[in-house]
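What follows is one structure encoded as structure tokens, with my remarks underneath.
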Amino acid sequence: MSESLKKQNLELSKLNEDYESKYGFHDPVDYFHKGAKGINHEVVEMISKMKKEPKWMAEIRHEALEVFYKKEMPKWGNDHILNEIDFDDIYYFMKPIDAQKDNWDDVPEYIKKTFDKLGIPEAEKKFLGGVSAQYESEVVYHSMQEDLVKKGIIFLDMDSALREYPEIVREHFGSVIPMTDNKFAALNTAVWSGGSFIYVPKGVDVGIPLQAYFRINAENMGQFERTLIIADEGAKLHYIEGCTAPVYSTNSLHTAVVELKAMDDAYIRYTTIQNWSRNIYNLVTKRASAYKNSTIEWVDGNLGSRLTMKYPCVQLLGECAKGEILSVAFAGVDQHQDAGAKMIHAAPNTSSRITSKSISKDNGRATYRGMVKIHKNATGAKVSVECDALLIGEDARSDTYPTMEIDNDQVRVEHEARVSKVAEEQLFYLTSRGLTEDEARLLIVNGFMEPFTKELPLEYAVELNRLIELDMEGSIG
Amino acid sequence: MSDKKPILEFKDIHVEVEGKEVVKGVSMTINPGEIHAIMGKNGSGKSSLSNALMGHPSYTITKGEAYLKGESILDMEADERSRAGLFLAFQYPLAIPGVTVANFMRAALKSHRGADADMSDFRKLFKAAMTDLSVDQSFATRYINDGFSGGEKKRIEVLQMSMLNPAMALLDETDSGVDIDAIKIVSEGINRYQSENNGVLMVTHYQRLLNYVKPDKVHVMMDGKFVLTGGPELALKLEESGYEWLNEEKTGV
Ligand SMILES: Nc1ncnc2c1ncn2[C@@H]1O[C@H](COP(=O)(O)OP(=O)(O)OP(=O)(O)O)[C@@H](O)[C@H]1O
Ligand SMILES: [Mg+2]
Chain A
16 MSESLKKQNL
26 ELSKLNEDYE
36 SKYGFHDPVD
46 YFHKGAKGIN
56 HEVVEMISKM
66 KKEPKWMAEI
76 RHEALEVFYK
86 KEMPKWGNDH
96 ILNEIDFDDI
106 YYFMKPIDAQ
116 KDNWDDVPEY
126 IKKTFDKLGI
136 PEAEKKFLGG
146 VSAQYESEVV
156 YHSMQEDLVK
166 KGIIFLDMDS
176 ALREYPEIVR
186 EHFGSVIPMT
196 DNKFAALNTA
206 VWSGGSFIYV
216 PKGVDVGIPL
226 QAYFRINAEN
236 MGQFERTLII
246 ADEGAKLHYI
256 EGCTAPVYST
266 NSLHTAVVEL
276 KAMDDAYIRY
286 TTIQNWSRNI
296 YNLVTKRASA
306 YKNSTIEWVD
316 GNLGSRLTMK
326 YPCVQLLGEC
336 AKGEILSVAF
346 AGVDQHQDAG
356 AKMIHAAPNT
366 SSRITSKSIS
376 KDNGRATYRG
386 MVKIHKNATG
396 AKVSVECDAL
406 LIGEDARSDT
416 YPTMEIDNDQ
426 VRVEHEARVS
436 KVAEEQLFYL
446 TSRGLTEDEA
456 RLLIVNGFME
466 PFTKELPLEY
476 AVELNRLIEL
486 DMEGSIG
Chain B
50 MSDKKPILEF
60 KDIHVEVEGK
70 EVVKGVSMTI
80 NPGEIHAIMG
90 KNGSGKSSLS
100 NALMGHPSYT
110 ITKGEAYLKG
120 ESILDMEADE
130 RSRAGLFLAF
140 QYPLAIPGVT
150 VANFMRAALK
160 SHRGADADMS
170 DFRKLFKAAM
180 TDLSVDQSFA
190 TRYINDGFSG
200 GEKKRIEVLQ
210 MSMLNPAMAL
220 LDETDSGVDI
230 DAIKIVSEGI
240 NRYQSENNGV
250 LMVTHYQRLL
260 NYVKPDKVHV
270 MMDGKFVLTG
280 GPELALKLEE
290 SGYEWLNEEK
300 TGV
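Taken in sequence, the protein lines are chains A and B.
Going by the numbering used here, the first sequence opens with residue 16, and the numbers climb by one from there.
Going by the numbering used here, the second sequence opens with residue 50, and the numbers climb by one from there.
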């Protein structure tokens, strides 16, 4: 038994081994603008000036920088890895080209090639309503279908949104995640650049997904995109983001802030497939406010990165609002995925479901950190939490830290947590039908991920399965 | 002629599980077209023998020989034994969450046909097999054995057998937990599969299955050994009298 287990570990240690050849390339770029390393008020001022921002935004940035200085590093998650981060050794702003393009042909060749390799224009043609592609600090390409524009849907990069719709941005910016929320939210607020802005008017259903793609190309780069999505009353939308970066010996930082607002009866699904290289610190704050009868769904897939700390949150603020968080995390060699979910029930008859799946292999570590808070007024709230961890190998580690604060006794709360290994019995069942052990293991891992992949648009599900399959094969090719 | 070779032959098989010997030297020869049955008390070692023959890593064959169509299988992994033509219908089929019956079946068939095989006939074959075994078409997209009733699981096992069409089928209590009507369906499935070119070894506790699927030989297993081998009439006698008389006979010898 231990022999076959050993073999299993060996093969699975190859998972994502082709990252370097597939996504790990980097382009030699003459940046239009590349500031100095390090963070201070001059850098903040420079960013704001380059963007020709209104004064109020510059003020917010400077204020946030002070908050960043004052806030301590989180003491939870993985402070050992967090303290590796050298904030003075990071570029906070890089502008690859002078102006954003809306025609694919106008995008510089090297960037086009990058996104071609990642399949972006392909996906746009096939099934997306709009695409935004961010390269380092700024969105370099952006387009949206004509009929969506006609419906009054606004889908822009955040910089353009600030120029074109300053009053909407000002109203909502930081209203879900204040700069004081945590050190990294403060940092993002100080140096944010790029990200998506979406506004869907009352009663409009976008119908097809909108997507943004985030690519870090330079070494020691910090990417700080800022996303704000507002679905007005009865509006519906699905937004997808994907992320990759090259493989460097030194680490880069990805610190995004994502704010969602679903007004009464609205629906937002936010899907993330991040496959960062293993030298990215991925420290993202994501939070949504859900008003009366609205639904927020976070579908969050975390492959790659050195350390991810990410806990999508839904604040259920209106009666009968629903929140759902479905996340998977894959932690391989030297990786720590500290992911989870937060549900805040602050209105009656709100309901939520958290499903967390993690796979840890080799010395990888996956942590589920969850918080469910039910306020006194949330009578009739319903909560279900399910955490499933799959361990591959003797050194793999999984921890679960569920916190529940319940201040109302007329609520229903279900919690389930399971840790399992790829069972020898399951392998035997599958191999006894002719599948090789590798094929059987892949099928089991894919099966474990299935509740997640089935929620993805088909193209992404196929890609995710293919990614895992390639990685499981490892040595081939 | 090579057809004359036994489909399955094993000699003096000893099986150990968790450091304990549970099968203590059993032999059998199954010729093409033959149906054999093993009966015996709970815990006598029937499943251990089946699992060991299929290559379960926890059931170690410590002594003995086993040949499938004349070829030794003991050095083969379970998947190689399967592709060589051995099949085991499990007594307790295992759930594999997230893996649909159809996807699994396709992968299994593909492994038998080879990586580059044409699979364009799969849907048709699969649908036909489901119809034959009165398996609801919706089962195709459900997860293997996940939430299936006992009887449904057994039918899915027979369905897999009929799709893979093995040279040698080991059926471990494929009739237990199956209702009276379903036993007929399962038996018909076995009979449809059974031919002059393959072999069947059924483990069962009940005469009822043997009414539908007529065995050529019945072996009685006690405490890891075959204590008696006979024709179909032996099964009838066991149904009437139980296993006690065998004990007496044994001690009587
Ligand atoms: N995985 C295992 N671990 C420990 N003991 C086992 C294991 N499998 C079988 N055994 C033991 O081996 C003996 C034979 O079990 P086996 O399952 O082969 O019996 P069986 O004849 O199939 O019984 P039944 O008619 O109840 O299915 C029993 O004592 C059983 O407890
Ligand atoms: Mg048994």
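Just so it is clear, CB atoms sit at the ideal spot from N, CA and C, and this is done for glycine as well.
- Across the structure, PRO216 (chain A) and ILE359 (chain A) are spaced so that their CA atoms are roughly 26 angstroms apart.
- One alpha carbon belongs to ARG132 (chain B), the other to ALA166 (chain B), and they sit about 14 angstroms apart.
- Per DSSP, ASP128 (chain B) lies in no beta strand (DSSP E) segment; the continuous alpha helix (DSSP H) that holds it begins and ends at 127 to 133.
- Only exposed fits GLU87 (chain A), as fewer than 16 other CB atoms lie within 10 angstroms of its CB.
- GLU440, GLN441, PHE443, TYR444, LEU445, THR446, SER447, ARG448, GLY449, LEU450, THR451, GLU452, GLU454: these are the residues of the segment 440 to 454 of chain A whose beta carbon lies less than 8 angstroms from some beta carbon of chain B, given in chain order.
- Straight-line spacing of the CA atoms in VAL146 (chain A) and PHE212 (chain A) works out to 12 angstroms.
- With a cut-off of 8 angstroms on Cβ pairs, the segment 313 to 321 of chain A is in contact with the segment 464 to 477 of chain A, counting three or more such pairs.
- Residues of chain B with a Cβ closer than 8 angstroms to the Cβ of ASN461 (chain A) are, in chain order, GLY147, VAL148.
- Taking the Cα of VAL219 (chain A) as reference, the smallest distance to any Cα among A:PRO193, A:LEU252, A:GLN226, A:PHE199 is reached at A:LEU252.
- If you draw a straight line from the Cα of GLY92 (chain B) to the Cα of MET217 (chain B), it is about 24 angstroms long.
- Residue pairing from DSSP places THR370 (chain A) in a beta bridge opposite A:LEU341, A:GLU401.
- When DSSP states are grouped into helix, strand and coil, SER236 (chain B) belongs to the helix group.
- Chain-ordered listing is empty here: chain A has no CB closer than 8 angstroms to the CB of PHE171 (chain B), the nearest sitting near 14 angstroms.
- The beta strand (DSSP E) runs lying completely inside the segment 156 to 195 of chain A and spanning 3 residues or more are 169 to 172, given in chain order.
- As DSSP reads the structure, THR287 (chain A) sits in a beta bridge with A:GLU256, A:ASP315.
- The alpha-carbon of MET270 (chain B) is positioned some 7 angstroms away from that of GLY94 (chain B).
- Pairing LEU174 (chain B) with LEU158 (chain B) gives a Cβ-Cβ distance under 9 angstroms.
- Taken through DSSP and simplified to helix, strand or coil, VAL299 (chain A) comes out as strand.
- Taking LEU277 (chain B) as the centre and dropping the five residues before and after it, the same chain places the C-beta of VAL269 closer than 6 angstroms to its C-beta, in chain order.
- Taking the Cα of GLY462 (chain A) as reference, the smallest distance to any Cα among B:PRO81, B:ILE84, B:ASP195 is reached at B:ASP195.
- Judged by DSSP secondary structure, ASP353 (chain A) falls within the beta strand (DSSP E) whose first and last residues are 351 to 360.
- Between ASP224 (chain B) and chain A, the shortest Cβ-Cβ separation is not below 9 angstroms.
- The Cβ atoms of TYR306 (chain A) and LEU332 (chain A) lie closer than 9 angstroms to each other.
- At a cut-off of 9 angstroms between beta carbons, GLN140 (chain B) makes no contact with chain A.
- Shown here for THR242 (chain A): same chain residues with a beta carbon closer than 6 angstroms to its own, the five before and five after excluded, namely GLY210, SER211, VAL273 in chain order.
- Look at GLU67 (chain B): its beta carbon is less than 8 angstroms from one of the heavy atoms in ligand 1.
- Proximity of GLU124 (chain A) to chain B, defined by a Cβ-Cβ separation below 9 angstroms, is not satisfied.
- Taking the Cβ atoms as the reference, MET210 (chain B) lies roughly 19 angstroms from TYR255 (chain B), outside the contact range of under 8 angstroms.
- Bounds of any beta strand (DSSP E) do not take in LYS52 (chain A), whose DSSP letter is neither H nor E.
- C-alpha of TRP291 (chain A) to C-alpha of ALA144 (chain B): approximately 33 angstroms in a straight line.
- Under the rule that a run must span 4 or more residues, the alpha helix (DSSP H) segments found entirely inside the segment 98 to 132 of chain A read 124 to 132.
- Considering only beta carbons, the part of the segment 170 to 199 of chain B lying closer than 9 angstroms to chain A consists of TYR192, ILE193, ASN194, in chain order.
- Neighbours of PRO466 (chain A) in chain B, taken as residues whose beta carbon is under 9 angstroms from its own, are PRO146, GLY147 in chain order.
- Looking at the backbone, the Cα of ILE223 (chain A) and that of GLY249 (chain A) are separated by about 16 angstroms.
- Taking a Cβ-Cβ threshold of 8 angstroms, the residues of chain A close to ARG132 (chain B) are GLY449, in chain order.
- Restricting attention to A:LYS469, A:ALA233, A:GLN352, the CA atom closest to the CA of TRP91 (chain A) is found in A:GLN352.
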